[in-house]
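For the protein sequence lines, the chains are A and B, in the order given. My numbering numbers the first residue of the first sequence as 1 and each following residue consecutively. My numbering numbers the first residue of the second sequence as 211 and each following residue consecutively. We put the CB at the ideal spot given by N, CA and C, even for glycine. As the structure is a prediction and not an experimental result, all values here were calculated from the model. Written out below as structure tokens is the structure these notes cover.
Protein chains: 2
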Amino acid sequence: MDRRHEILAAAAGVFAQHGFLGSTTRRIAEAAGVNEVTLFRYFGSKEALIREAMQHDTLSVGVTELPAVPVDPARELTVWSEAFLKHLRLRSSIIRKTMSEIEEHPEIGLCASHVPKRASADLCVYLDALKREGLATGEFESRTAAAMLMGALFADAMGRDMMPEVMPQPANKAAEMYATLLLRAVGVSKKNVAGKSGSKQNKQSKQLSN
Amino acid sequence: MDRRHEILAAAAGVFAQHGFLGSTTRRIAEAAGVNEVTLFRYFGSKEALIREAMQHDTLSVGVTELPAVPVDPARELTVWSEAFLKHLRLRSSIIRKTMSEIEEHPEIGLCASHVPKRASADLCVYLDALKREGLATGEFESRTAAAMLMGALFADAMGRDMMPEVMPQPANKAAEMYATLLLRAVGVSKKNVAGKSGSKQNKQSKQLSN
DNA sequence: TGTGTAAGCAAGTGACTACTTGCATTTCTG
DNA sequence: CAGAAATGCAAGTAGTCACTTGCTTACACA
Numbered sequence: 001m002d003r004r005h006e007i008l009a010a011a012a013g014v015f016a017q018h019g020f021l022g023s024t025t026r027r028i029a030e031a032a033g034v035n036e037v038t039l040f041r042y043f044g045s046k047e048a049l050i051r052e053a054m055q056h057d058t059l060s061v062g063v064t065e066l067p068a069v070p071v072d073p074a075r076e077l078t079v080w081s082e083a084f085l086k087h088l089r090l091r092s093s094i095i096r097k098t099m100s101e102i103e104e105h106p107e108i109g110l111c112a113s114h115v116p117k118r119a120s121a122d123l124c125v126y127l128d129a130l131k132r133e134g135l136a137t138g139e140f141e142s143r144t145a146a147a148m149l150m151g152a153l154f155a156d157a158m159g160r161d162m163m164p165e166v167m168p169q170p171a172n173k174a175a176e177m178y179a180t181l182l183l184r185a186v187g188v189s190k191k192n193v194a195g196k197s198g199s200k201q202n203k204q205s206k207q208l209s210n
Numbered sequence: 211m212d213r214r215h216e217i218l219a220a221a222a223g224v225f226a227q228h229g230f231l232g233s234t235t236r237r238i239a240e241a242a243g244v245n246e247v248t249l250f251r252y253f254g255s256k257e258a259l260i261r262e263a264m265q266h267d268t269l270s271v272g273v274t275e276l277p278a279v280p281v282d283p284a285r286e287l288t289v290w291s292e293a294f295l296k297h298l299r300l301r302s303s304i305i306r307k308t309m310s311e312i313e314e315h316p317e318i319g320l321c322a323s324h325v326p327k328r329a330s331a332d333l334c335v336y337l338d339a340l341k342r343e344g345l346a347t348g349e350f351e352s353r354t355a356a357a358m359l360m361g362a363l364f365a366d367a368m369g370r371d372m373m374p375e376v377m378p379q380p381a382n383k384a385a386e387m388y389a390t391l392l393l394r395a396v397g398v399s400k401k402n403v404a405g406k407s408g409s410k411q412n413k414q415s416k417q418l419s420n
């Protein structure tokens, strides 16, 4: 069962590099340091192997949490955005390949969509909390605002390599800049959060694994 | 030369469906209604054919323009966002495939990046004009704001099929909702644009082709 | 009517694909 | 130490891939 995980990890890596058709069983076997026959003995077929590799891969993703009751929106949203952007950047290759494969292998895309769905739901809850607590004074729909921030982070992770000049600089401040802009959009001003917020050490950014 | 365009169009269509490796010369020939040998007589190799098909395809893309001097930001930005989102949705398949191919065929991704680069530059100019004309009162960096709106549109086009529940509803209002939210972020209020704006019929949305 | 050019067609090339089979080797276990 | 299980290795199968060759057909133009 150690072997199994090695093979799955290797398959995920090869898939991230070459996509489904480019992931030949030879390449996967070589990457796993295993004989090609072993793949079929474990998983039966290339398709089953890659499907399981993708499921195994998405299960290993940790989710960064947002506090249930907002205290310092700028800081909290920045930290969350940075973590999410970091996650997207680390997985940009595999995300790209997965997205291009959803038409021919929808079950792969299905399990991959769990992470962004979860993140989006979390973000919506947080934005609603901002409104409820009176920290966000603008009128906005939380789902639209959440989609906007996540879209910006997603596009940044997917596109910065190819066209860095259209992205905010420097790269390591991008998440903060997007978060700041979104807070302006929903009507969170610095004055709204006048209360000394640094005191309450909320346990956020609980990185689970990976 | 009519044949040439037919083949190029067919190749682009097959590529959008199946990606580079999935675009077999058989499939392309069948889609073009042409003998497989003809492909090689015209283009020499599959790689050259697909490369030319992608270049030909991106050249046919029309760009929606923004007015040089903003008059009715909400309306202008909404129209532009709708046009850009429509363009992205129509091409979502080919964009997905192109993005997943940039590592192994960078020249394909290179020519595909011209459209978003152009759009981003246009949007930056417009946002700067908003600031200059005193319509946008917030402090913001135009490139970040542009990346945010374009990112939201991009992610919407790429992800709505797979996870519609995280996207703003209805789909045909999404562009307007993103545009509205961005204008809030940059400090464009309805009062800033008090002057009767419907009068000046600015020639925007000049759709060039396709 | 003759000629050149564009296209189709049939067949075949060697390389690669996923996957199988049979057997030898290692490694763990009772 | 015996036997079972896991793995490697060599070989092979049928199919597909990009691409080539040789020949035939069809149509244009002079």
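DSSP places GLN379/B in the coil class of the three-state scheme, outside both helix and strand.
Closest in alpha carbon position to MET162/A, among MET309/B, ALA395/B, ALA381/B, is MET309/B. Of the other Cβ atoms in all chains shown, 16 or more fall within 10 Å of the Cβ of LEU295/B; this residue is therefore buried.
By the 16-neighbour rule on beta-carbons within 10 angstroms, MET387/B is buried.
For VAL273/B, there is no enclosing alpha helix (DSSP H), as DSSP marks it with neither H nor E. Shortest Cα-Cα distance from ILE238/B to any of ALA219/B, GLU343/B, LEU320/B involves ALA219/B. For THR248/B, the closest alpha carbon among the candidates GLU292/B, ASP282/B, ALA221/B is that of ALA221/B.
In the structure shown, GLU343/B adopts coil according to DSSP, grouped into three states. Nearest to LEU276/B by C-alpha distance, out of ASP332/B, PHE230/B, ARG306/B, ASP267/B, is ASP332/B.
With a threshold of 7 Å between beta carbons, SER142/A makes no contact with chain B.
Within 9 Å of the CB of ILE260/B, no CB atom of chain A is found; the nearest one sits about 14 Å away. When Cβ pairs closer than 8 Å are counted between the two stretches, the stretch 311-323 of chain B is seen not to touch the stretch 360-369 of chain B, the count staying below three. For secondary structure counted as the alpha helix (DSSP H) over 4 or more consecutive residues, the stretch 220-270 of chain B holds these complete runs in sequence order: 235-242, 246-253, 256-269.
Taking 8 Å as the upper bound on Cβ-Cβ separation, chain B lies near residues MET177, TYR178, LEU181, LEU182, ARG184, ALA185, VAL186, GLY187 of the stretch 176-193 of chain A. Per DSSP, the continuous alpha helix (DSSP H) segment holding ILE95/A begins and ends at 92-101. For SER142/A, the uninterrupted alpha helix (DSSP H) segment begins and ends at 142-159.
Annotation for ALA322/B: the continuous alpha helix (DSSP H) segment containing it runs 316-322. Under the three-state reduction of DSSP, PRO326/B is assigned to helix. In this structure, the straight-line span from the alpha carbon of SER45/A to that of CYS111/A is close to 19 Å. Restricting attention to HIS105/A, THR24/A, GLU52/A, the CA atom closest to the CA of HIS5/A is found in GLU52/A. When ASP282/B, MET360/B, VAL396/B are compared, the shortest CA-CA separation from MET167/A is found for MET360/B. Contact note: ASP57/A does not reach chain B at a C-beta cutoff of 9 Å; the least C-beta distance is about 16 Å. Scanning its chain for C-beta atoms nearer than 6 Å, with the 5 sequence neighbours on each side dropped, one finds around SER93/A the residues ALA16, in chain order. Following the DSSP letters along the chain, one finds MET373/B in no alpha helix (DSSP H), marked with neither H nor E. Shown here, VAL289/B sits in a helix according to DSSP, grouped into three states. Using a CB distance below 7 Å, the part of the stretch 115-135 of chain A facing chain B consists of PRO116, LYS117, SER120, ordered along the chain.
Neighbours of ARG306/B across chain A, judged by C-beta separation under 7 Å: MET99, SER100.
MET211/B sits in coil when the DSSP states are folded into three classes, being neither helix nor strand.
With its beta carbon less than 7 Å from one in chain A, PRO378/B belongs to the interface.
Contact annotation, LEU182/A with ALA395/B: C-beta distance approximately 7 Å; criterion of less than 8 Å satisfied.
Using a CB distance cut-off of 7 Å, ALA83/A does not count as an interface residue toward chain B. Annotation for PHE43/A: LEU49, GLU52 place their beta carbon closer than 7 Å to its own, counting only its chain and skipping 5 residues before and after. Contact annotation: CYS124/A and SER142/A have beta-carbon atoms nearer than 7 Å. At least 7 Å separates the CB of PHE225/B from every CB of chain A.
Minimum Cα-Cα distance from LEU88/A among the listed residues VAL63/A, ASP72/A, ILE108/A corresponds to VAL63/A. It is roughly 29 Å from the alpha-carbon of GLN169/A to the alpha-carbon of GLY13/A.
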